[in-house]
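Read in order, the letters of the sequence shown are residues 1 to 564 in the working numbering.
Beta carbons: idealized from backbone N, C-alpha and C, even for Gly.
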Amino acid sequence: MTGLETTRIADADAGPITEEEWAAHRRDMLQSLPPQLEGKDLPAILLPYQRERVQAVDDYDVVVDEKSRRIGATWGMGAAAVLRAGAQRSAGGMDVLYLAYNLDMTRESSRLRHVARAFMHVAAEVEEFLFEDKDEDGADRFIKAFRITFASGFEIKALSSAPRTLRGRQGLVILDEFAFHDNAAQLLKAAFAFLIWGGKVLVISTHNGADNPFAQLIEEVRSGKRPGKVVRTTFDEAIEQGLYKRICLVRGIEWTPEGEAKWRASIRANYRSDAAEELDCVPAQGSGVYLSSALIETCMTADAKVLRLTFADDFTLKPDAYRTDYVDDWLEENVAPELKRLDERLRHSYGFDFGRTGHLSVYLPLAEGRDLVLRAPFMIELRKVPFRQQEQLCKYVTKRLPRFANGKHDARGNGQYVAERMQQEFGATRIEAVMLSNAWYLENSPKLKTRFEERTIELPRDADVKADFRALKMVRGIAKVPDTAETDGADGGKRHGDSAIAGMLAVAAAEADVIEYGYRAVPSDRGGSGARPGGFDRPNHDDDDRPNRGWWRSPLGAMIRGRV
1 MTGLETTRIA
11 DADAGPITEE
21 EWAAHRRDML
31 QSLPPQLEGK
41 DLPAILLPYQ
51 RERVQAVDDY
61 DVVVDEKSRR
71 IGATWGMGAA
81 AVLRAGAQRS
91 AGGMDVLYLA
101 YNLDMTRESS
111 RLRHVARAFM
121 HVAAEVEEFL
131 FEDKDEDGAD
141 RFIKAFRITF
151 ASGFEIKALS
161 SAPRTLRGRQ
171 GLVILDEFAF
181 HDNAAQLLKA
191 AFAFLIWGGK
201 VLVISTHNGA
211 DNPFAQLIEE
221 VRSGKRPGKV
231 VRTTFDEAIE
241 QGLYKRICLV
251 RGIEWTPEGE
261 AKWRASIRAN
271 YRSDAAEELD
281 CVPAQGSGVY
291 LSSALIETCM
301 TADAKVLRLT
311 FADDFTLKPD
321 AYRTDYVDDW
331 LEENVAPELK
341 RLDERLRHSY
351 GFDFGRTGHL
361 SVYLPLAEGR
371 DLVLRAPFMI
381 ELRKVPFRQQ
391 EQLCKYVTKR
401 LPRFANGKHD
411 ARGNGQYVAE
421 RMQQEFGATR
431 IEAVMLSNAW
441 YLENSPKLKT
451 RFEERTIELP
461 RDADVKADFR
471 ALKMVRGIAK
481 VPDTAETDGA
491 DGGKRHGDSA
501 IAGMLAVAAA
511 EADVIEYGYR
521 AVPSDRGGSG
531 ARPGGFDRPN
541 HDDDDRPNRG
551 WWRSPLGAMI
561 RGRV
């Protein structure tokens with residue numbers, strides 16, 4: 001997307017979008033499209049976000065659909081259901097069971113007939129039948145249900161929302177408007193039993209509060225607690241991908257950017273204060289603090305120090321040699337003792353949030369224990385430290401991290417310089433330059449929260465660090481540090497959740513795939529102590545004040561070690 005999407009829609013703190021801004025944005029988008037795509041051919045049956053849902057059901061056993069109201073999700077859901085029920089068993093065909101939260105919504109599923117006819121000519125009419133069930137006392141009862149049959153032998157059945165209706169059945173189960181089911185937790189438990197014999201689960205809903213099982217399910221899937229895929233489409237994203245154009249096509253009216261902008265504004269005006277939850281996929285009461293004080297404090301330890309380095313404004317203009325020597329001395333005095341305490345057997349990663357003048361740079365290493373807990377042995381905060389010295393510090397510490405695995409850098413703005421220099425030193429496979437975005441926060445903030453909830457992370461016990469993690473808030477459904485969330489640190493300087501961002505980056509680095517190199521010494525044929533075949537002797541790193549440097553640990557050295 002371009003234009004307004006990247007400047008206003010993606011910026012959660014920019015405020016409401018006006019009709020004029022939306023109309024201008026849509027005209028810009030229209031001009032960027034190939035002319036042959038506008039007004040000449042009928043559009044595809046499914047819009048892009050609807051196709052995404054069909055593909056997700058193919059690719060994943062569990063799909064959670066977080067959506068806005070009335071964006072045509074039924075077509076995406078219906079297409080997935082029809083294609084699944086209409087296929088032969090050898091092509092992945094299976095029965096489809098659709099459960100809504102009341103009879104009226106179940107009856108609405110008869111619209112699937114139109115979806116079925118759009119995709120296949122072999123679908124029969126919707127058949128109304130009585131589904132045999134038992135009440136809580138074991139007495140027989142019959143419930144009205146609906147069914148569409150296919151030539152494949154499979155069916156789409158629309159049943160009641162009681163969890164027991166799923167017992168003994170198999171296939172793809174669709175839980176529509178899941179957040180509004182009376183017994184959502186039990187229903188989900190019954191649905192997951194379908195996975196045992198190769199079934200699939202599709203959970204669809206708008207939000208109904210931050211504490212609802214639907215919001216919790218989304219958090220679990222995004223954090224990795226449950227396997228699956230979350231697909232998310234807000235009202236504005238649906239419009240971007242052609243929702244209003246499709247409405248105009250169905251209603252037989254002409255589409256214009258101005259008409260779309262006016263329609264969008266009227267819909268939002270009708271929802272008023274409920275627009276965030278109903279249209280923007282933001283669960284109500286979800287704009288508060290992301291991590292509670294108690295949760296943060298339980299994951300803090302006094303064993304880890306926060307090392308702080310601050311310079312005056314004129315330090316930047318000092319000669320290079322002076323600045324380098326000064327920082328070297330500070331590192332040897334303050335950081336080197338902490339590095340000597342590190343366990344050589346553990347794998348280490350780090351996250352680095354960049355700041356230069358207004359906010360801090362934070363270097364946060366994490367050691368992965370044998371119990372899989374990520375522990376910060378220390379944390380380094382830098383205020384008003386020049387670019388070259390930030391690079392100097394990052395290289396000094398990273399070279400001395402035992403079994404160094406991965407590092408992730410905040411690469412927005414000037415942070416890209418330090419990230420690039422670290423990539424040149426350690427390689428792009430181990431250092432990632434992260435362009436922090438809403439999509440990145442959406443994927444990684446749940447993983448950080450899970451670490452706190454499961455007590456698998458330990459941070460320095462420090463008031464400023466706690467305040468940083470408390471600064472994480474839900475902004476339009478995404479946990480991040482709001483642009484306006486500045487706090488005053490104990491040193492009188494401004495903070496912007498800096499250590500929390502470093503923590504999120506560090507956790508992402510620790511959980512990333514690792515590339516490690518190693519070798520096993522081969523006895524020498526020359527009889528010397530440590531002599532290598534071919535006359536290559538292993539360097540004595542005890543005499544090297546810069547460990548992990550030299551040709552022996554270079555890629556060439558690794559190749560030689562692997563061959564001898």
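Since residue i and residue j are thought to touch, with beta carbons under 8 Å apart, how far apart are those beta carbons, to the nearest angstrom?
i      : j      : result
Ser223 : Arg470 : That pair is no contact at about 19 Å.
Ala81  : Pro257 : That pair is no contact at about 34 Å.
Ser445 : Ala479 : 4 Å
Val335 : Ile380 : 7 Å
Leu472 : Ala500 : 5 Å
Ala210 : Pro283 : 4 Å
Leu187 : Leu175 : 6 Å
Ser68  : Leu279 : 5 Å
Arg455 : Thr298 : 7 Å
Does residue i come out as helix, strand or coil in the three-state DSSP assignment?
i      : result
Asp353 : strand
Arg470 : helix
Tyr98  : strand
Met577 : This structure cannot settle anything about residue 577, because the visible part of the chain is limited to 1 through 564.
Pro607 : Because residue 607 is not part of the residues shown, which for the chain are 1 to 564, the question remains open.
Gly503 : helix
His25  : helix
Arg412 : coil
Asn189 : Here residue 189 turns out to be Lys, not Asn, going by the sequence shown. Here Lys189 sits in helix by DSSP.
Lys290 : The amino acid occupying residue 290 in the given sequence is Tyr; Lys does not appear at that position. Reduced to three states, the DSSP call for Tyr290 is coil.
Ile156 : strand
Glu566 : Shown here, the chain extends from 1 to 564; a query on residue 566 therefore has no answer.
Arg222 : helix
Asn406 : strand
Ser161 : coil
Phe178 : helix
Pro539 : Note that Pro539 has pLDDT 42, beneath the 50 cutoff, so the model's placement of it is unreliable and no number is given.
Leu42  : Interpretation of Leu42 is limited by its pLDDT of 45, a score under 50 that renders its predicted location unreliable; no figure is taken from the coordinates.
Ala479 : strand
Ile380 : strand
Phe146 : strand
Pro16  : coil
Considering residue i, what are the terminal residues of the alpha helix (DSSP H) in which it resides?
i      : result
Glu613 : Residue 613 lies beyond the stretch modelled for the chain, which goes from 1 to 564, so this question has no answer here.
Lys449 : 438 to 453
Lys384 : Note, Lys384: premise wrong, no alpha helix (DSSP H); not H, not E.
Pro460 : No alpha helix (DSSP H) holds Pro460; the beta strand (DSSP E) holding it covers 457 to 460.
Ala210 : First-last for Ala210: undefined, no H or E at that position.
Leu279 : 275 to 279
Ala73  : 73 to 85
Arg264 : 257 to 271
Ile253 : Note, Ile253: premise wrong, no alpha helix (DSSP H); not H, not E.
Can you give me the C-alpha to C-alpha distance between residue i and residue j, rounded to a whole angstrom?
i      : j      : result
Leu401 : His348 : 6 Å
Ala512 : Asn406 : 7 Å
Leu339 : Leu295 : 28 Å
Phe235 : Glu66  : 11 Å
Trp255 : Arg264 : 13 Å
Ser273 : Leu317 : 52 Å
Glu443 : Leu97  : 30 Å
Gly78  : Gln50  : 10 Å
Leu364 : Gln241 : 40 Å
Asp464 : Ala490 : 7 Å
Arg268 : Phe214 : 24 Å
Asp353 : His409 : 6 Å
Leu195 : Asp61  : 7 Å
Gly351 : Gly503 : 6 Å
Asn183 : Ala44  : 37 Å
Met94  : Val231 : 22 Å
Tyr588 : Phe192 : No statement about residue 588 is possible, as the shown extent of the chain runs from 1 to 564 and does not include it.
Glu219 : Leu505 : 18 Å
How far does the beta strand (DSSP E) with residue i in it extend, from its first residue to its last?
i      : result
Tyr433 : Reading off the sequence shown, one finds Ala at residue 433, where the question assumed Tyr. Here the beta strand (DSSP E) through Ala433 covers 431 to 434.
Pro365 : 361 to 368
Val64  : 62 to 67
Arg308 : 305 to 310
Ile174 : 172 to 175
Ser90  : Per DSSP, Ser90 belongs to no beta strand (DSSP E) and is neither H nor E.
Val588 : Shown here, the chain extends from 1 to 564; a query on residue 588 therefore has no answer.
Checklist entry - Are the stretch 198 to 209 and the stretch 51 to 70 touching by the rule of at least three beta carbon pairs closer than 8 Å? => result yes
Next on the checklist: Across the stretch 420 to 431 and the stretch 354 to 370, are there enough close Cβ pairs to call them in contact, namely three or more that are closer than 8 Å?
Outcome noted: In short, these stretches do not touch, since the Cβ pair count stays below three.
Checklist entry - Do the stretch 304 to 323 and the stretch 377 to 392 make contact, defined as three or more Cβ pairs closer than 8 Å? => result Yes, they touch.
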